[in-house]
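First up is the structure itself, then whatever we jot down about it.
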Amino acid sequence: LRANTQGPGSQFETGTVQQLPKAKLCQDSGLQRRDLRAVDPTFRHQLPVILVRPGSLVVRLMTIKAIISPNKLMLFDHHNESTSRLLPELTERIASLKTSSESLPLEFVALSTLLDFVCQRKEARLEVLDRAINRHLAEMTLHSKQPGLNLRRPRALEAARALVPLKNQLVTLHTDVDEVKRAVCEVLSSDEDLSGMYLTERELGGGHSPRAVEDHHEAEILLEGVEQQLQELLGDIMVLQRNVRNTEEFMSVALDASRNALIRIDVALNMATLSIACGGTIAACFGMNLTSGLEETPGLFGIACGAVAGFSTLSFVCIYSFALRRLTMKPPHD
């Protein structure tokens, strides 16, 4: 995909779809074959990169792949959704060079448009994730605050399960933004690359840039603005990730409290069962087929039943007190 311009005031030529051999592309742009790997659609898993070459800028920003020259811009993989959405804005920005009072060269306008488009796409993606994640976090927090063991607690667990893929997407977004920021910072850290971004001046100077190596104010301002925007985006992503972690920790505490309540109920039932079993031992003794001389004693049945019940209650109180005392016992000091 190619868009041509010969500078301000010249005729603008709309983009055309072309298929170029790698040898022809290298000859036209002055690139090495290894530089074309960054824009080759067959390589799907490459990190974002901005390569500054003597006559071109090779740009790969996620799914956006382009070669910027002093008087033309080539976008690759034009069937890609991101490239299709970028094209109208890019065409409008390049066409505005004819009427713009600012003497911005094509390479700066094109690179700025590509970086702004990537930042806008990432911001839009973050807004979608932010709404979805905050909705699930609010639902988790609301239902986890319900006292006791109620029927609404499973809805918090459903929200937690729905949050898992959103967390993975947020991690992917964080990685993508960080990689784009790294590519921008690599260019910012090199005075030679910043000075080499003035492709139009180099072409007008016959292949030699009239600028000094440290004279790159415009390029530095352009990339520093993008870096700051990416850093703010990373900050928003990390805040959202921290909110997710805090809510998960709160959810874990709430689930621990529910689990502890169930354990307490189970322990109390076990102690009650043990107490009843102690009373049942007395009943088992009276149930033997042996004569004890007490069978004919009037009123002894009620007394025996009361004694068994009292013994069971006393056993439960003793066991419960012992367990409570052991749980609240302070550890010995050194």
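In terms of the numbering used here, the sequence shown is residues 3 to 336. Idealized CB from N, CA, C, for every residue including glycine. Everything numeric in this text was worked out from a predicted model, so none of it was measured.
Item	Value
CA-to-CA distance, Phe78 to Arg35, given in whole angstroms	15 angstroms
8 angstroms Cβ shell around Leu153 - same chain, five flanking residues per side excluded	Unreliable placement is indicated for Leu153, whose pLDDT of 42 sits below 50; no coordinate value is reported for it.
Bridge partners - Arg62, DSSP secondary structure assignment	Val51 and Lys67
Per-residue DSSP class, three states only, for Met199	coil
Where the alpha helix (DSSP H) containing Met273 begins and where it ends	His219 to Phe288
Which listed residue (Ala306, Thr85 and Val228) has its alpha carbon closest to that of Gly289	Ala306
Close-in-space but distant-in-sequence residues of the same chain around Val132 (CB under 7 angstroms, 5 per side omitted)	According to the sequence as given, residue 132 is Asp; it is not Val. Only Leu242 meet the Cβ criterion.
Run of the alpha helix (DSSP H) containing Leu92, from where it starts to where it stops	Glu83 to Ala97
Min CB distance Leu225 to chain C below 9 angstroms	Looking for chain C here will not work: only one protein chain is present.
Boundaries (first-last residue) of the beta strand (DSSP E) holding Leu38	That residue, Leu38, is in no beta strand (DSSP E); it is neither H nor E in DSSP.
Rounded separation between Lys24 and Val130 - CA only	39 angstroms
Other residues of its chain near Asp195: CB distance less than 7 angstroms, five sequence neighbours each side excluded	Val54 and Val189
The stretch 163–182 contacting the stretch 26–45, beta-carbon criterion three pairs below 8 angstroms	no
At least 3 beta-carbon pairs within less than 8 angstroms: the stretch 243–258 vs the stretch 213–223	no
Straight-line gap, Ile265 to Met142 (C-alpha atoms, nearest Å)	23 angstroms
Extent of the continuous alpha helix (DSSP H) run through Leu27	Lys24 to Ser31
Three-state class that DSSP yields for Leu77 in the structure shown	strand
Distance between beta carbons of Leu232 and Thr121, contact taken as under 8 angstroms	At residue 121 the sequence reads Cys, which differs from the Thr that was named. Cys121 to Leu232, Cβ: 7 angstroms. Contact.
Neighbourhood of Gly9 by C-beta, 7 angstroms cutoff - its chain only, sequence neighbours within 5 removed	Only weak support is given to the placement of Gly9: the predicted model assigns it a pLDDT of 45, under 50, and the question is left unresolved by the model.
Straight-line gap, Val269 to Ala263 (C-alpha atoms, nearest Å)	10 angstroms
Collapsed DSSP secondary structure at Pro56 in the structure displayed	coil
C-beta atoms of Glu109 and Ile70 nearer than 9 angstroms	yes
Helix, strand or coil at Leu106 according to DSSP, with G and I counted as helix	coil
Beta-carbon spacing of Ser317, Leu271 below 9 angstroms	no
Glu216 in three-state terms, based on DSSP	coil
CA nearest to the CA of Leu33, picked from Ser58, Cys187 and Gln48	Ser58
Through-space distance from Arg137 to Gly308, alpha-carbon basis	59 angstroms
Whether Ile66 touches Thr85 by CB criterion (9 angstroms)	yes
Beta-carbon contacts of Val228 that lie in its chain and below 6 angstroms, excluding the five residues immediately before and after	Leu117 and Val186
Nearest-angstrom Cα separation, counted from Arg95 out to Phe14	Residue placement at Phe14 is poorly supported in this model, since its pLDDT is 44, which falls under 50; the coordinates still yield a value, given next. So the two alpha carbons sit approximately 11 angstroms from each other.
Proximity to Gln171 [Cα-Cα], best of Ile239, Phe313, Gly304 and His80	Ile239
Buried or exposed (CB count within 10 angstroms, at least 16 for buried), Lys74	buried
C-beta atoms of Asp193 and His218 nearer than 9 angstroms	yes
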